[in-house]
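Structure first, commentary second.
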Amino acid sequence: MPATDMSQLVSLCQRRGFIFQSAEIYGGMKGLYDFGPLGVELKNNIKASWWRSMVHERDDVEGLDSAIIGPAVTFKQSGHADTFNDPLTECKKCKARMRTDKMADPTVCESCGSKELMAPRAFNMMFKMQYGPTEDSSSVAYLRPETAQHIFMNFKNVLDTTNRRPPFGIAQIGKAYRNEIIARNFIFRVREFEQMELEFFVVPGEDEKWHEYWLEERLKWWESIGVPRSKIKINDVPKADLAHYSKRTFDLEYEYPHGHDEVEGIANRTDYDLGNHSKNQSELNLTAKVHPNTASNTKLTAQTLEGKHYVPFVIEPSAGVERCMLAVMNEAYHEEPLPAKEGQAPDAQSETRIVLKLKPFLAPIKAAVIPLARNKPELMALATQTKATLQKLGLGRILLETSGNVGKAYRKHDEVGTPLCVTVDFQSLEDGTVTIRHRDTMQQERLSLAELPAYLQGFYRVGG
Numbered sequence: 007m008p009a010t011d012m013s014q015l016v017s018l019c020q021r022r023g024f025i026f027q028s029a030e031i032y033g034g035m036k037g038l039y040d041f042g043p044l045g046v047e048l049k050n051n052i053k054a055s056w057w058r059s060m061v062h063e064r065d066d067v068e069g070l071d072s073a074i075i076g077p078a079v080t081f082k083q084s085g086h087a088d089t090f091n092d093p094l095t096e097c098k099k100c101k102a103r104m105r106t107d108k109m110a111d112p113t114v115c116e117s118c119g120s121k122e123l124m125a126p127r128a129f130n131m132m133f134k135m136q137y138g139p140t141e142d143s144s145s146v147a148y149l150r151p152e153t154a155q156h157i158f159m160n161f162k163n164v165l166d167t168t169n170r171r172p173p174f175g176i177a178q179i180g181k182a183y184r185n186e187i188i189a190r191n192f193i194f195r196v197r198e199f200e201q202m203e204l205e206f207f208v209v210p211g212e213d214e215k216w217h218e219y220w221l222e223e224r225l226k227w228w229e230s231i232g233v234p235r236s237k238i239k240i241n242d243v244p245k246a247d248l249a250h251y252s253k254r255t256f257d258l259e260y261e262y263p264h265g266h267d268e269v270e271g272i273a274n275r276t277d278y279d280l281g282n283h284s285k286n287q288s289e290l291n292l293t294a295k296v297h298p299n300t301a302s303n304t305k306l307t308a309q310t311l312e313g314k315h316y317v318p319f320v321i322e323p324s325a326g327v328e329r330c331m332l333a334v335m336n337e338a339y340h341e342e343p344l345p346a347k348e349g350q351a352p353d354a355q356s357e358t359r360i361v362l363k364l365k366p367f368l369a370p371i372k373a374a375v376i377p378l379a380r381n382k383p384e385l386m387a388l389a390t391q392t393k394a395t396l397q398k399l400g401l402g403r404i405l406l407e408t409s410g411n412v413g414k415a416y417r418k419h420d421e422v423g424t425p426l427c428v429t430v431d432f433q434s435l436e437d438g439t440v441t442i443r444h445r446d447t448m449q450q451e452r453l454s455l456a457e458l459p460a461y462l463q464g465f466y467r468v469g470g
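Quick note: the sequence shown, position 348, residue 354 per our numbering, numbers continuous.
If you want it as C-alpha cells, here you go:
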C-alpha cells in the first residue's frame, strides 16, 4: 500500500539520492530542494511522459520554452501584481509568520500557541528583482510565478509561424517561483518548482466542451503514470474561491499522506489573458474584465475562415512536476513481508522490503547488472560487457552494481524502483546465461546473453 506518513518518503528520498535539501552544507534553504542522481531521472521521465502525451501524440499542440524573467508590465497586466497574494499574519510573541487561510485556528499561533496575532495583510508572492545594470523603476522585473504568461505573450508568434487556428494549444515545461509564506510537506509546497502547462485556445462558446474534454484527458494521463482515479478527488472550485482569471476550475486533489491536496488545476481562463495583453482592447468585444493596456504593440486575436477577428478563450491544464513526482512515488511505495526462509519457523518474525513499484517507463534505472562476486575479474569483465551492450539500446540508465552482495543489491534496487536486475554468475561464464529478477514479483528466470537485449526491448515496449 502507499506510504502512510510523509516521513517514509522523505527517508527514502534522502537515503537513496532522490532529493536533497538545497544548500544543506550551509544549513539549507527552506522550500528549496535539489534533485539527486535518481530524482533527476524520475523527474525527467515524468516530464517526458507529459510532453509525449500533450505534444508528440497530438496534432493540435506546439511547444515553447520561454524566459523565466518578465518585465513588471507583464504581471501588472496579468493581475499578479495586484491579486497574487496570500493572507499573512505574524505572532507578536514569537514572530512566526503564518498563512491564515491554511491555519487550523486562525486566532492561535501554530508555533507557540499565543493568541496575540497581528491583523492579516495581503502578501504578494512574486520574487521582485532588478534587471540590468541600473536600479530604478524602469528596471524592475519579476521571476515568473507561472509559465503561462510567456505563452500568452508568444501567442501571435506561434500563430503566425505555424499557421495554426483554434482549437490548438501551446505547451511548456519550466521553472516558476513563488515566495510562499510557509513552505511545507516536503516538495509539495516549495518556492522554486517546475510546471507542466498547456494553454489551449478555443473559439468562444466552445470553451465548456473543451474544459470537460481536458478534464477527462488529464485523468487518463494520471492513470497511465500509476495514479488511479480512485485516489483523485475532483473539486469543482466554488466561485468565491476562483482565481482572478478563472470562469471555472477543476482542481484534481490527490490523496497525499498529509491529506487530499491539489496536484493539478484545469482552468477556464476565458479571454482574460489574451485580452489583458492585447492592444486595441476596445475593439475586441471582450467578455472578461481587463486592465487597460497602452503598452502592448500587438493585437492578440485569431481569425475565422471568413476573416473575422476574435479573442480565443483559454483552457489551461497546469500541473507541478514536484507534486506529480510526490504523488507517483507515494502511489508506488510499498512495504511488503519477504517470504520465509527455508527452515524458518512459520510464526517467526518475517523481514520486510521497501519496493517502489513505478511504471517501468518512469523508473530512474531501467536495469541493474549485478556480478555475483566483485573480486572475480572474469565475472566483472562479463558484467561490464553486458552493461555496455544494454546501455546501447537507448532504454535509459543501466547501472553496473558492484556491491558484491546480490541480496543487498536486490533490496537497494527494489527501493529505487529498478524493474529488472540481471545477475551475472559463474554459470554465466560456462553457458552464457544470466538470471533476470523481476522487482514486483521477485521471480527469476534464466536467459541467454544473446537474447537479453531483445528481452529488455520487448519488456519496455510492453511494460513501459
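Using N, Cα and C, we set each Cβ at its ideal position, and we do this for glycine too.
Provide the residue(s) that pair with residue i in DSSP beta bridges, ordered along the chain.
| i | result |
| --- | --- |
| Asp242 | Phe256 |
| Ser454 | Thr439 |
| Ile157 | Its beta-bridge partners do not exist; DSSP assigns none. |
| Lys285 | None, per the DSSP bridge assignment. |
| Lys181 | Glu200 |
| Tyr262 | Gly265 |
| His315 | Gln309 |
| Leu362 | Tyr339 |
| Pro77 | Ala147 |
| Val320 | Phe207, Thr276 |
| Gly175 | Val67, Phe206 |
| Met135 | Ala147 |
By alpha-carbon positions, which one of the options ends up nearest to residue i?
| i | options | result |
| --- | --- | --- |
| Leu458 | Met448, Val430, Glu436 | Val430 |
| Glu502 | Asn191, Glu198, Trp220, Gly211 | There is no way to answer for residue 502, as the model of the chain reaches only from 7 to 470. |
| Cys471 | Ala128, Val114, Lys82 | No information on residue 471 is available, as it lies outside the stretch 7 to 470 that the chain covers here. |
| Lys99 | Ser434, Lys121, Ser84, Pro112 | Lys121 |
| Ile187 | Asp11, Ser409, Val196, Asn160 | Val196 |
| Leu280 | Phe81, Pro43, Phe41, Glu342 | Phe81 |
| Gly23 | Glu229, Gly42, Thr293, Met12 | Gly42 |
| Lys36 | Thr95, Arg184, Arg171 | Arg184 |
| Ala460 | Leu401, Thr447, Asn411 | Leu401 |
| Glu384 | His86, Met131, Gly438 | Gly438 |
| Ile179 | Ile25, Gly69, Phe465, Thr167 | Gly69 |
| Arg170 | Leu332, Pro318, Gly410 | Pro318 |
| Trp164 | Asp66, Ala110, Gly76, Ile75 | Correcting the residue identity first, residue 164 is Val in this sequence and not Trp. Looking at the Cα atoms, Asp66 is the closest of the given residues. |
Only counting the same chain, and skipping five residues up and downstream in sequence, which positions put a Cβ closer than 6 Å to that of residue i?
| i | result |
| --- | --- |
| Ala325 | Met202, Glu270 |
| Ser59 | Trp227 |
| Ala3 | Any answer about residue 3 is impossible in this case: the structure gives the chain only from 7 up to 470. |
| Met104 | Thr95, Glu116 |
Rounding to the nearest angstrom, what Cα-Cα distance links residue i and residue j in this structure?
| i | j | result |
| --- | --- | --- |
| Leu344 | Glu337 | 20 Å |
| Ala9 | Ser284 | 48 Å |
| Ser144 | Val79 | 10 Å |
| Phe367 | Cys427 | 15 Å |
| Leu396 | Cys19 | 27 Å |
| Pro210 | Val320 | 9 Å |
| Glu451 | His266 | 41 Å |
| Glu141 | Met135 | 9 Å |
| Pro93 | Met124 | 11 Å |
| Asp88 | Glu322 | 21 Å |
| Thr293 | Glu116 | 43 Å |
| Glu342 | Gln14 | 14 Å |
| Thr441 | Leu453 | 6 Å |
| Glu229 | Asn91 | 33 Å |
| Ile176 | Arg467 | 28 Å |
| Leu462 | Arg235 | 30 Å |
| Ile371 | Asn50 | 12 Å |
| Met131 | Pro112 | 20 Å |
| Arg443 | Leu44 | 20 Å |
| Ala369 | Lys398 | 18 Å |
Sorry if obvious, but does the Cβ on residue i come closer than 6 Å to a heavy atom of the ligand PLP?
| i | result |
| --- | --- |
| Phe129 | Absence of the ligand PLP from the depicted structure is noted, as is the absence of any ligand whatsoever, leaving it without description. |
Keeping to the same chain, check which residues put their C-beta closer than 7 Å to that of residue i; ignore five residues upstream and five downstream.
| i | result |
| --- | --- |
| Gly34 | Gln27, Ser28 |
| Arg417 | Arg359 |
| Glu348 | Low local confidence applies: a pLDDT of 46 at Glu348 is under 50, so the model's placement there is unreliable, with the coordinate-based value given in what follows. Result list for Glu348: empty, nothing under 7 Å. |
| Pro477 | As displayed, the chain neither begins before 7 nor continues past 470, which places residue 477 out of reach and without an answer. |
| Arg275 | Tyr251, Ser252, Val320, Glu322 |
What does a CB cutoff of less than 8 Å around residue i pick up in its chain, not counting 5 residues either side in sequence?
| i | result |
| --- | --- |
| His62 | none |
| Arg445 | Val361, Lys363, His419, Asp420, Gly423, Thr424, Pro425, Leu426, Cys427 |
| Cys118 | Cys97, Lys99, Cys100, Ala102 |
With 7 Å set as the bound, which would you pick, yes or no: does the beta-carbon of residue i sit closer than that to a beta-carbon of chain C?
| i | result |
| --- | --- |
| Phe158 | Among the protein chains of the structure shown there is no chain C, as only one such chain exists. |
Decide yes or no for the touch test of the stretch 140-149 against the stretch 287-305: beta carbon pairs closer than 8 Å, at least 3 of them.
no
Any chance the stretch 252-266 sits against the stretch 296-305, with 3 or more Cβ pairs inside 8 Å?
no
Would you say the stretch 39-58 touches the stretch 154-163, given that touching needs at least three Cβ pairs under 8 Å?
no
The stretch 386-395 / the stretch 403-418 touching (three or more Cβ pairs under 8 Å)
yes
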